[in-house]
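Engineer: For the sequence shown, position 462 (counting from the first letter as 1) is numbered 462 according to UniProt numbering, and the numbering increases by one without interruption.
We put the CB at the ideal spot given by N, CA and C, even for glycine.
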Amino acid sequence: MDEFAADTKVEWREWGPEAFERAADSGKPVLLSLTVPWSEECRAMDRGTFGEPRIAANVNDGFVPVRVDADRNPRVRERYTMGGFPSTVFLTPEGEVISGATFLGPNGFRGILDSVRESWDAEGTAAGSIPRQLQDEAPPAGELRARIEEHMIEQLLGAFDEEFGGWGSDVKFPLPRTIEFALVRARDQATRTLEAVHTHLFDTYDGGFFRYATGRDWSNPRREKLLDENAALVRAFAHGYRYTGTESYRDAAQRTVEYLSTDLWTGDAFAGSQAGDDDYYRLGATDREGREAPHVDETVFADRNGLAVDALLWLHAYTDDERARRYAVRARDHVCETLVDDGEVAHYAAAESDTGLLLDQAQLLQGLTTSWQVLGESGPAEAVADWTVEHRQQDSGAFRDGPETGAGLCGRSLHPLDATVELADALVDLAALTGEDRYRTVATEAVESFAGAAERMGVEVAGYATVAARLRDPQTLRVGTEAGTDLHRAALRLADHETTVVPDPDGDGVARRYEGETVTAEGETPAELEAALTE
Numbered sequence: 001m002d003e004f005a006a007d008t009k010v011e012w013r014e015w016g017p018e019a020f021e022r023a024a025d026s027g028k029p030v031l032l033s034l035t036v037p038w039s040e041e042c043r044a045m046d047r048g049t050f051g052e053p054r055i056a057a058n059v060n061d062g063f064v065p066v067r068v069d070a071d072r073n074p075r076v077r078e079r080y081t082m083g084g085f086p087s088t089v090f091l092t093p094e095g096e097v098i099s100g101a102t103f104l105g106p107n108g109f110r111g112i113l114d115s116v117r118e119s120w121d122a123e124g125t126a127a128g129s130i131p132r133q134l135q136d137e138a139p140p141a142g143e144l145r146a147r148i149e150e151h152m153i154e155q156l157l158g159a160f161d162e163e164f165g166g167w168g169s170d171v172k173f174p175l176p177r178t179i180e181f182a183l184v185r186a187r188d189q190a191t192r193t194l195e196a197v198h199t200h201l202f203d204t205y206d207g208g209f210f211r212y213a214t215g216r217d218w219s220n221p222r223r224e225k226l227l228d229e230n231a232a233l234v235r236a237f238a239h240g241y242r243y244t245g246t247e248s249y250r251d252a253a254q255r256t257v258e259y260l261s262t263d264l265w266t267g268d269a270f271a272g273s274q275a276g277d278d279d280y281y282r283l284g285a286t287d288r289e290g291r292e293a294p295h296v297d298e299t300v301f302a303d304r305n306g307l308a309v310d311a312l313l314w315l316h317a318y319t320d321d322e323r324a325r326r327y328a329v330r331a332r333d334h335v336c337e338t339l340v341d342d343g344e345v346a347h348y349a350a351a352e353s354d355t356g357l358l359l360d361q362a363q364l365l366q367g368l369t370t371s372w373q374v375l376g377e378s379g380p381a382e383a384v385a386d387w388t389v390e391h392r393q394q395d396s397g398a399f400r401d402g403p404e405t406g407a408g409l410c411g412r413s414l415h416p417l418d419a420t421v422e423l424a425d426a427l428v429d430l431a432a433l434t435g436e437d438r439y440r441t442v443a444t445e446a447v448e449s450f451a452g453a454a455e456r457m458g459v460e461v462a463g464y465a466t467v468a469a470r471l472r473d474p475q476t477l478r479v480g481t482e483a484g485t486d487l488h489r490a491a492l493r494l495a496d497h498e499t500t501v502v503p504d505p506d507g508d509g510v511a512r513r514y515e516g517e518t519v520t521a522e523g524e525t526p527a528e529l530e531a532a533l534t535e
C-alpha cells in the first residue's frame, strides 16, 4: 500500500471488481478507506484507529476492507470522497453509499460501525444510495449569456473579506483561478489576496506554498504542498506581476519554481506532493541542504505536470526566467513521451493507471497550448484534444470524467465542472492557434452544458465565468513572426492574460490584435504594438 501500511492491522484489499464480488458472495458491506500520501490525518487514523487490534479484527471479520490512494485514483475519489482525507465510506456490494465520514478516532469509528451494521442488518443492499452528483445523466444546460460574467463579479463583491483579503469568512483557500478572474475585473481584491497568500501561505524557508489556512485571518496554515496547487499559484503570481509589476509577486513565483525544480523534481518531471508534518521524518528523507524533510510522493501525474508546464511557461514569458522554461520543457517532454499514446493520456506510469481521464487530458492540453503560445512548440496538442472530444464528449455537449466502466459507481456518469472549465479554456486557445473553429464549437457546447446552473455558482469556480467571457468576446493577438522574437516576446507581455497569443513564423512581421474577426490594434515593433494596445 504505502510506507505506513505497518501502522494498520486491517487486511486491506485493492480496489476492483474482485473486492465487490467478495462482498456480494459473503453478504458483507465494503469499507472503503480513501487516503492520500500527504495527509497527516490519514496516517493518524491508521495508527490510532485501524491500528487498534479489536477495531481491525471487527473490520476484517464484518466487512470487505478496501484501501485506495485517492491521488492515483481520481474517479474513485470524485465519487466517494466525504469532503476531505481520510474518507471512510461504507458501501453495498453494488457500490452504493451506506454512510461515511472523514477522520474518525476509535470511539467515533466504533459508533459509525454500529450504525452501519444496524442499517445493513435491517435493510441489506437497500441501505445504500447513489450520491446526488451521479443521479443525473447530464448537468443543467443553458445559454451562454453576459449574465454569467456579471453574476460572478457580484459573487466576488459579496464574498470578499475586506478585513483580511481573500473570499469567504471561515477557512481560507488561495483560489488562484479566482484571483486571475479578479485581476481584470476587481484588481484590488486580487492584489490584496495575493498579498495575503504571500504573507501567510508562502514557505519562506524552502519556498513553495502551503495548501490553505484554517483561520479567517489566514492563520494556522495546513503545511502540505501539492504540485497542482503550487503550479496554479505560480501562474496567478506571474499574471499578477504582469499587471502590476510588483517584484514580490515575481520573486514568490520564482522561488516556488526553485522549490518545484529541487524538492519536487524527480529527475524527469515534477513529483505529485510533499507531506506537511513530521511523520515522515522517520523514513530518513533529507532535503537539498541535508536536513530531514517531509516525504515526497514521487509519482509523476499527467494532470499536475500539465499545470506546472503551463504556469512555468507563463512566468518565463513575463520574466525570461530560464529555469522556469528549462524545467517546463523537460517535464512536458517526459510526460508526452511516457504518458501519451496517440492522444490518450495515462494518469501516471503504471499498468494499473487509469487512462483518458478528462482531468489529465484537459490539464496536459493546457500546458501544450501554452507551450505553443510561448515557445511556438505544439507537441501532441491536437492529438490530445481530438482524442478527448471523440471519447469523452456526450451528445449533450458535456464531458464525462472517464470511461463508462469500472468497479463500484465508477461506471456511472460524472460531469466534473472544474475539468470541463480547464478543457474549454485550452480549446479556446487551440482554436486560435490552429485556426480550427471546431475547437471553439466544442468549448462552447461544454460551457453551455453547465450554463443552467451558472446563477448558483460561487467564487470557487470563477474560472467558469472566465472561459464563458472568452467565448463571448474572443481576443487573439497574432504575431507574424516565429516565437522568441522581440515582437513576440512583447506581445506575450502586453496581451491581456485572457487573450491567445499566436506566433506565426510564416507571417508578415506585424502583430495584430483581433476582437472576433476585427483588427483593433497592430504594430511592427514592440514600441508600436504597445502604443496601439494602450490607445
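Can you check which of these residues, V467, D506, G165 and V461, is closest to T481 by C-alpha distance?
Structural biologist: What you label residue 481 is simply residue 481 of the sequence shown in a count that begins at 1. Selected option, being the one with the closest Cα: D506.
Engineer: Taking the alpha carbon of V479 as the reference point, which residue from D473, H488, L471 and R472 has its own alpha carbon closest?
Structural biologist: The residue given as residue 479 occupies position 479 in the sequence shown. Of D473, H488, L471 and R472, the residue nearest in Cα terms is H488.
Engineer: Our contact map puts P53 next to V59 with C-beta atoms below 8 Å; I'd like the distance itself, whole angstroms only.
Structural biologist: Counting from 1 along the sequence shown, the entry for residue 53 is found at position 53. Counting from 1 along the sequence shown, the entry for residue 59 is found at position 59. Going by Cβ atoms, the distance from P53 to V59 rounds to 11 Å, so no, they are not a contact pair.
Engineer: Just how far apart, CA to CA, sit Y280 and C42?
Structural biologist: Sequence index remark: in the sequence shown, residue 280 carries index 280 (1-based). Sequence index remark: in the sequence shown, residue 42 carries index 42 (1-based). The predicted model places Y280 with a pLDDT of 42, which falls under 50 and marks its position as unreliable; any figure quoted below should be read in that light. If I take the Cα positions, the gap works out to 12 Å.
Engineer: Going by Cα to Cα distance, which pick from G523, V197 and W265 is closest to A232?
Structural biologist: In the sequence shown, residue 232 corresponds to position 232, counting from 1. Out of G523, V197 and W265, V197 has the C-alpha closest to the C-alpha of A232.
Engineer: Exposed or buried, which one is S169 when buried takes at least 16 other CB atoms within 10 Å?
Structural biologist: On the sequence shown, residue 169 is found 169 positions in, with the first residue counted as 1. Burial call: exposed.
Engineer: When the Cα atoms are used, what is the spatial distance from L359 to D401?
Structural biologist: Position 359 of the sequence shown, counted from the start, is the residue given in the question as residue 359. Position 401 of the sequence shown, counted from the start, is the residue given in the question as residue 401. Computed Cα separation, rounded: 7 Å.
Engineer: What three-state label does DSSP hand I98 in the structure shown?
Structural biologist: Here residue 98 corresponds to residue number 98 of the sequence shown, with the count starting at 1. Strand.
Engineer: Since L183 contacts Y243 with CB under 8 Å, what's their CB separation in whole angstroms?
Structural biologist: Translated into positions along the sequence shown, residue 183 becomes position 183. Translated into positions along the sequence shown, residue 243 becomes position 243. Their Cβ separation, rounded to whole angstroms, is 6 Å, which keeps L183 and Y243 in contact under 8 Å.
Engineer: Whose C-beta lies closer than 8 Å to the C-beta of G406 among residues of the same chain, with five residues either side of it excluded?
Structural biologist: For the purposes of this step, residue 406 is taken as the residue at position 406 of the sequence shown. Cβ neighbours of G406 beyond the five flanking positions: R75.
Engineer: Rounded C-beta distance between L307 and S371? I'm assuming under 8 Å.
Structural biologist: For the purposes of this step, residue 307 is identified with residue 307 of the sequence shown, where counting begins at 1. For the purposes of this step, residue 371 is identified with residue 371 of the sequence shown, where counting begins at 1. L307 to S371, Cβ: 13 Å. No contact.
Engineer: Rounded to whole angstroms, how far is the Cβ of A419 from the Cβ of A443, which I believe are closer than 8 Å?
Structural biologist: Counting from one through the sequence shown, the residue named residue 419 turns up at place 419. Counting from one through the sequence shown, the residue named residue 443 turns up at place 443. No, A419 and A443 are not in contact; Cβ-Cβ is about 13 Å, not under 8 Å.
Engineer: Determine the burial state of L283: buried for a count of at least 16 other Cβ atoms within 10 Å of its Cβ, exposed for fewer.
Structural biologist: In the sequence shown, residue 283 corresponds to position 283, counting from 1. Summary for L283: the model assigns pLDDT 44, below 50, so the residue's position carries little reliability; its value from the coordinates is reported in the next sentence. Per the 10 Å Cβ criterion, exposed.
Engineer: Would you please state the rounded distance, in angstroms, between the beta carbons of G27 and R117? I believe it to be under 8 Å.
Structural biologist: Position 27 of the sequence shown, counting from 1, holds the residue named residue 27. Position 117 of the sequence shown, counting from 1, holds the residue named residue 117. Contact doesn't hold; Cβ gap of about 12 Å is too wide.
Engineer: How would you call Q254, buried or exposed, if buried means at least 16 neighbouring beta carbons within 10 angstroms?
Structural biologist: In the sequence shown, residue 254 corresponds to position 254, counting from 1. When all chains shown are included, Q254 counts as buried.
Engineer: Measuring CA to CA, which of D188, D136 and E150 is closest to D161?
Structural biologist: On the sequence shown, residue 161 is found 161 positions in, with the first residue counted as 1. When each option's Cα is compared against that of D161, the closest is D188.
Engineer: With 16 other CB atoms within 10 Å as the buried threshold, where does P294 fall?
Structural biologist: Reading the sequence shown from its first residue, position 294 is the one you call residue 294. By the neighbour-count rule (16 or more Cβ atoms within 10 Å), P294 is buried.
Engineer: Could you check what DSSP says for R216 in three-state terms: helix, strand or coil?
Structural biologist: Taking the sequence shown and counting its residues from 1, the one referred to as residue 216 is at position 216. Correct three-state label for R216: coil.
Engineer: Residues in the same chain with beta-carbon distance under 6 Å from V68, minus the five sequence neighbours each way, listed in chain order, please.
Structural biologist: Against the sequence shown, residue 68 aligns to sequence position 68. Same-chain partners within the cutoff: W15, L34 and V76.
Engineer: In chain order, which continuous runs of the alpha helix (DSSP H) of length 4 or greater are located wholly inside the region 428 to 498?
Structural biologist: Entirely contained in the region 428 to 498, the alpha helix (DSSP H) runs reaching 4 residues are, in chain order, 437 to 448, 462 to 472 and 486 to 494.
Engineer: With H, G and I counted as helix, E and B as strand and the rest as coil, what does DSSP make of P131?
Structural biologist: By 1-based counting over the sequence shown, the position of residue 131 is 131. Residue state, collapsed to three classes: coil.
Engineer: Measuring only from the beta carbon, is T485 closer than 7 Å to any heavy atom that is part of the ligand GDP?
Structural biologist: The model depicted lacks the ligand GDP and carries no ligand whatsoever.
Engineer: Bridge partners for G523 per DSSP, in chain order?
Structural biologist: In the sequence shown, residue 523 corresponds to position 523, counting from 1. A511.
Engineer: Which residues share a DSSP beta bridge with Q274?
Structural biologist: Stepping through the sequence shown from its first residue, residue 274 is reached at position 274. According to DSSP, Q274 bridges with K225 and V296.
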